[in-house]
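Written below as structure tokens is the structure these notes are about.
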């Protein structure tokens, strides 16, 4: 054995090799262990980078469009689950990357309808699915094509995807789906409408065909009617406003817990509004004087709660009515509210759907309004104005903690009821909303 | 094209009508299976056929599936056109050797000199509370064997057109019929030359938002879901491959290019199912670059089908699974 090992060394003329070999033979174990330890340390110091880092998560379709338009996919914010970049996100970049928009303020902007308008911009060839196909086939003719204003069909578009932010303009999307806002909180800053107008509105304005002008006259008559009613209400009623703050943290937690279950039963998502409608209906039963009509110098309290809730549609505000809300279970309420909203959005409603309210709720919370004071929807005796759910530091069980709170204001016709009844009503609503599990039964 | 006269009948009657018409047209067509003669078939499908065609052509066999399939392969190779019925698809296991190692291979191994024009009728699927050994959907096994064709009709009209096309085909054709569809009614062309081409995929419902590829009873659940979703403005395109092997992928690929979103569904267990094959083919095709969301497979759970009706319904996809799948693809969940 020894001979076999030694013989090659003897043949070698280099003394270094001999030195090395002998050194290894002398200190075999300790040095090897050390070397191994060092290697192990290195591994611990430099862990394998996570292969997911620095890679954009994008669908194949999004990658294809980005490739075709030479857009760096890394720069696109994704609107899909966990920020996945989808084809819609890339298409949006295609439209806005030339820099037509003059808006470059670092300020965050919260935009309501304006965001839709911008995405409905006729220069946005992707905003209309039919346009999109034309564009892909005849890219040379694009310039002449896109200058024609396209009639906007907001109902035909997928509202959700249309409401996603344009990263260049740094919008914050603030309406989830087409229903009520379910977000945590939104920072509202200045809205530079002037710069937005330059981007799209003026270009759509000039050409108008006859149909559009006809529409216009109808609209003004409607507006006139609304104006007259509003002024009359303001003149005839003696309004006092009562405001209170509701701790919505419990509602929020409960909603999270039950939303799946409720959705499976009602086929609609439950929202804060549903809790509020339930609480209102119950409080109205306890304070029937708030639930009365004032007509021909008569006060008529009602034994049923027909709740009107103001819905903003494309061209007007509509107040559909949920009838006999006092008898409804929570699931029924979610279902009725969802169906009513759907029928209003799709314009399926009949005049009967809008008649017979005994009390009205107006909610501007989704537009970031903290509190406001709505005009009474006559012949109702009162109206509830609902603000945004925001997070605020509040003293809860003796400690300063962050709670979700919402302000509601009751505008009460003083001829119908006095402030005490209104206060009791708000107290009842507040009590129910702060113990929302009772609303489920 | 002439407008075909249509008659309303059940899926079961449509299969019987198709077989009867072919047996009248061609004396070589024979029918064999357990209890198909005097008893009229375990599901009453072959009632009256014995009276019309006699014992020589409608043959009650002993309770041995190996013998039924073996007889059919031999008869087909020597000139007849047998149709044989397994009482339940689950029992195909016993006839597998004759089918897989003989029937599917002969045409190839004999240099094209032999043909095996046989039809294997296989009542499949769950929903009847018949238990784990009478409720399986084993189409993926059959699709895996080159030389077999696999078809599965979902409506009475497809049932009639396909059973006739299957009998006229010169290859062994596995005709998978879903037990829960037997009583389904639909309009069926009366024309006795009406057939449905094997290897042709049907677009059952056009749409632009999400593509659903499915067959069998799930087709009807998917249509229900699509109707529900249509109320919310979601347009679902439903595609029924009808022929599972050789599958016509073109309409599926085109549909995915259009919608960018795909759900593939079947009652059979998800693992190793036909759905996986469809998904793989879509991803291999040019539709890959048009996918705008991960593909969803809805399949039976990887468990034997329970006999308890509630559990049975729980292990296969239902209407709501389609609805929630679509919501998921559209980021609504």
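Residue numbers (this note's numbering), protein chains in the order written: chain Y, 27 to 467; chain B, 143 to 475. By construction, the Cβ of each residue, glycine as well, lies at the ideal position given by its N, Cα and C atoms.
Taking Cβ-Cβ distances shorter than 8 angstroms, what residues in chain Y pair up with residue 432 of chain B? One-based indexing of the second chain puts residue 432 of chain B at position 290. 86, 87, 90, listed in chain order.
Leaving aside the five residues before and after residue 456 of chain Y along the sequence, list all residues of the same chain whose C-beta is less than 7 angstroms from its C-beta, in chain order. Stepping through the first chain from its first residue, residue 456 of chain Y is reached at position 430. Around residue 456 of chain Y: 270, 272.
For the putative contact between residue 222 of chain B and residue 172 of chain B, defined by C-beta atoms under 8 angstroms, what is the C-beta separation to the nearest angstrom? Sequence index remark: in the second chain, residue 222 of chain B carries index 80 (1-based). Sequence index remark: in the second chain, residue 172 of chain B carries index 30 (1-based). Contact flag correct, Cβ pair sits at about 6 angstroms.
Would you tell me roughly how many angstroms separate the C-alpha atoms of residue 303 of chain Y and residue 459 of chain Y, rounded to the nearest one? Reading the first chain from its first residue, position 277 is the one you call residue 303 of chain Y. Reading the first chain from its first residue, position 433 is the one you call residue 459 of chain Y. Using only the alpha carbons, I get a separation of about 10 angstroms.
Listed by chain order, chain Y residues near residue 473 of chain B by CB distance under 7 angstroms: The sequence position of residue 473 of chain B within the second chain is 331, counting from 1. Chain Y residues near residue 473 of chain B: 106, 107.
Around the C-beta of residue 406 of chain Y, are 16 or more other C-beta atoms found within 10 angstroms, so that it is buried, or is it exposed? Along the first chain, one-based indexing puts residue 406 of chain Y at 380. Buried: at least 16 other Cβ atoms inside 10 Å.
So what does DSSP say about residue 95 of chain Y, is it helix, strand or coil? Position 69 of the first chain, counted from the first residue, corresponds to residue 95 of chain Y. Here DSSP, grouped into helix, strand and coil, assigns residue 95 of chain Y to coil.
By the criterion of Cβ-Cβ separation under 7 angstroms, what are the contact partners of residue 467 of chain B in chain Y? If you number the second chain from 1, residue 467 of chain B lands on position 325. Simply none; closest approach about 14 angstroms.
Near residue 369 of chain Y, what residues of its chain come up, given a Cβ to Cβ distance below 6 angstroms and the 5 sequence neighbours on each side ignored? The residue you call residue 369 of chain Y lines up with position 343 of the first chain. These residues qualify, in order along the chain: 375.
For residue 278 of chain B, I'd like the list of residues in its chain whose CB is within less than 6 angstroms of its CB, leaving aside the five on either flank, ordered along the chain. Taking the first residue of the second chain as 1, we reach residue 278 of chain B at position 136. These residues qualify, in order along the chain: 232.
Can you tell me which residues form a DSSP beta bridge with residue 172 of chain B? Locating residue 172 of chain B in the second chain gives position 30, where the first residue counts as 1. The partner list for residue 172 of chain B (beta bridge, DSSP) reads B:224.
Taking CB distances under 8 angstroms as the criterion, tell me whether residue 112 of chain Y reaches chain B. Here residue 112 of chain Y corresponds to residue number 86 of the first chain, with the count starting at 1. Chain B contact via Cβ: present.
Report back the beta-carbon spacing between residue 410 of chain B and residue 440 of chain B to the nearest angstrom; my notes put them in contact at under 8 angstroms. Mapped onto the second chain, residue 410 of chain B falls at position 268. Mapped onto the second chain, residue 440 of chain B falls at position 298. About 11 angstroms separates the beta carbons of residue 410 of chain B and residue 440 of chain B, which is beyond the 8 angstroms limit, so they are not a contact pair.
Just to confirm the assignment, what range does the alpha helix (DSSP H) spanning residue 285 of chain B have? By 1-based counting over the second chain, the position of residue 285 of chain B is 143. Run containing residue 285 of chain B: 281-285, per the alpha helix (DSSP H) assignment.
Nonlocal neighbours in the same chain, by C-beta distance under 6 angstroms from residue 201 of chain B, ignoring five residues either side: Working through the second chain from its first residue, we reach residue 201 of chain B at position 59. If the five residues before and after residue 201 of chain B are omitted, its C-beta is found closer than 6 angstroms to the C-beta atoms of 174, all from its own chain and listed in chain order.
Excluding sequence positions up to five away, which residues of its chain have a Cβ less than 6 angstroms from the Cβ of residue 269 of chain B? Here residue 269 of chain B refers to the residue found at position 127 when the second chain is read from its first residue. Cβ neighbours of residue 269 of chain B beyond the five flanking positions: 322.
Whether or not the stretch 287-304 of chain B and the stretch 380-399 of chain B are in contact is what I'm after, with contact meaning three or more pairs of Cβ atoms, one per stretch, closer than 8 angstroms; do they touch? Contact between the stretch 380-399 of chain B and the stretch 287-304 of chain B is present: 3 or more CB-CB pairs across the two stretches fall below 8 angstroms.
Give the C-beta separation of residue 352 of chain B and residue 394 of chain B to the nearest angstrom, bearing in mind that I take them to be a contact with Cβ-Cβ under 8 angstroms. Within the second chain, the letter at position 210 stands for residue 352 of chain B. Within the second chain, the letter at position 252 stands for residue 394 of chain B. Actually they are not in contact, since the Cβ atoms of residue 352 of chain B and residue 394 of chain B sit about 13 angstroms apart, beyond 8 angstroms.
Could you check where the beta strand (DSSP E) with residue 446 of chain B kicks off and where it finishes? On the second chain, position 304 is the one that residue 446 of chain B refers to. Looking at the DSSP string, residue 446 of chain B is not in any beta strand (DSSP E), and its letter there is neither H nor E.
Just to confirm, are residue 225 of chain B and residue 244 of chain B a CB contact at a threshold of 8 angstroms? Translated into positions along the second chain, residue 225 of chain B becomes position 83. Translated into positions along the second chain, residue 244 of chain B becomes position 102. Cβ distance not < 8 angstroms, so residue 225 of chain B and residue 244 of chain B don't count as in contact.
Those residues which DSSP pairs with residue 418 of chain Y across a bridge: To locate residue 418 of chain Y, count along the first chain from 1; it is residue 392. As a beta-bridge residue in DSSP terms, residue 418 of chain Y pairs with Y:429.
Assuming residue 291 of chain B and residue 387 of chain B form a contact by the criterion Cβ under 8 angstroms, report the distance between their Cβ atoms to the nearest whole angstrom. Taking the first residue of the second chain as 1, we reach residue 291 of chain B at position 149. Taking the first residue of the second chain as 1, we reach residue 387 of chain B at position 245. Approximately 6 angstroms separates the beta-carbon atoms of residue 291 of chain B and residue 387 of chain B; this is inside 8 angstroms, confirming the contact.
Taking Cβ to Cβ, would you say residue 404 of chain B is nearer than 8 angstroms to residue 365 of chain B? Your numbering for residue 404 of chain B matches position 262 in the second chain. Your numbering for residue 365 of chain B matches position 223 in the second chain. Contact flag unset, no.
Is residue 159 of chain B near residue 179 of chain B, with beta carbons less than 8 angstroms apart? For the purposes of this step, residue 159 of chain B is taken as the residue at position 17 of the second chain. For the purposes of this step, residue 179 of chain B is taken as the residue at position 37 of the second chain. For residue 159 of chain B and residue 179 of chain B, no; Cβs fall outside 8 angstroms.
With C-beta atoms as the reference, is residue 402 of chain Y less than 8 angstroms away from residue 263 of chain Y? Taking the first chain and counting its residues from 1, the one referred to as residue 402 of chain Y is at position 376. Taking the first chain and counting its residues from 1, the one referred to as residue 263 of chain Y is at position 237. Contact: yes.
Just confirm the distance between the C-beta atoms of residue 99 of chain Y and residue 89 of chain Y, as a whole number of angstroms; I'd bet it's less than 8 angstroms. What you label residue 99 of chain Y is simply residue 73 of the first chain in a count that begins at 1. What you label residue 89 of chain Y is simply residue 63 of the first chain in a count that begins at 1. Contact flag correct, Cβ pair sits at about 6 angstroms.
Span of the alpha helix (DSSP H) holding residue 162 of chain B? For the purposes of this step, residue 162 of chain B is identified with residue 20 of the second chain, where counting begins at 1. Unbroken alpha helix (DSSP H) run through residue 162 of chain B: 153-167.
In terms of residue numbering, what span does the beta strand (DSSP E) encompassing residue 466 of chain Y cover? To locate residue 466 of chain Y, count along the first chain from 1; it is residue 440. Here residue 466 of chain Y belongs to no beta strand (DSSP E), and DSSP marks it neither H nor E.
Kindly indicate if chain Y contains any beta-carbon less than 8 angstroms away from that of residue 349 of chain B. Taking the second chain and counting its residues from 1, one reaches residue 349 of chain B at position 207. Taking 8 angstroms as the threshold, the shortest C-beta distance from residue 349 of chain B to chain Y does not fall below it.
Which residues in the same chain as residue 313 of chain Y place their Cβ atom closer than 6 angstroms to its Cβ, once the five residues preceding and following it in sequence are excluded? The residue labelled residue 313 of chain Y in the question sits at position 287 within the first chain. So the qualifying residues of the chain are 447, 450, 451.
Under 8 angstroms by Cβ, that's how I've got residue 436 of chain Y and residue 465 of chain Y pegged, so tell me the actual separation to the nearest angstrom. Here residue 436 of chain Y is taken as the residue at index 410 of the first chain, counted from 1. Here residue 465 of chain Y is taken as the residue at index 439 of the first chain, counted from 1. With a Cβ gap of about 19 angstroms, residue 436 of chain Y and residue 465 of chain Y do not count as contacting.
Cβ-Cβ separation, residue 349 of chain B to residue 367 of chain B (assumed contact under 8 angstroms), whole Å: By 1-based counting over the second chain, the position of residue 367 of chain B is 225. By 1-based counting over the second chain, the position of residue 349 of chain B is 207. Approximately 11 angstroms separates the beta-carbon atoms of residue 367 of chain B and residue 349 of chain B; this is outside 8 angstroms, ruling out the contact.
Proximity test, Cβ basis, 8 angstroms: residue 435 of chain B and chain Y: In the second chain, counting from the first residue as 1, residue 435 of chain B sits at position 293. It does; some Cβ of chain Y falls within 8 angstroms.
I need the DSSP call for residue 86 of chain Y, collapsed to helix, strand or coil. For the purposes of this step, residue 86 of chain Y is taken as residue 60 along the first chain, with counting starting at 1. Correct three-state label for residue 86 of chain Y: helix.
Our contact map puts residue 449 of chain B next to residue 272 of chain B with C-beta atoms below 8 angstroms; I'd like the distance itself, whole angstroms only. In the second chain, the residue the question calls residue 449 of chain B occupies position 307. In the second chain, the residue the question calls residue 272 of chain B occupies position 130. So it is a contact: roughly 7 angstroms between Cβ atoms.
Residues within the stretch 410-432 of chain B neighbouring chain Y, beta-carbon criterion of under 7 angstroms: Near chain Y, meaning a CB-to-CB distance below 7 angstroms, the residues of the stretch 410-432 of chain B are 430, 431, 432.
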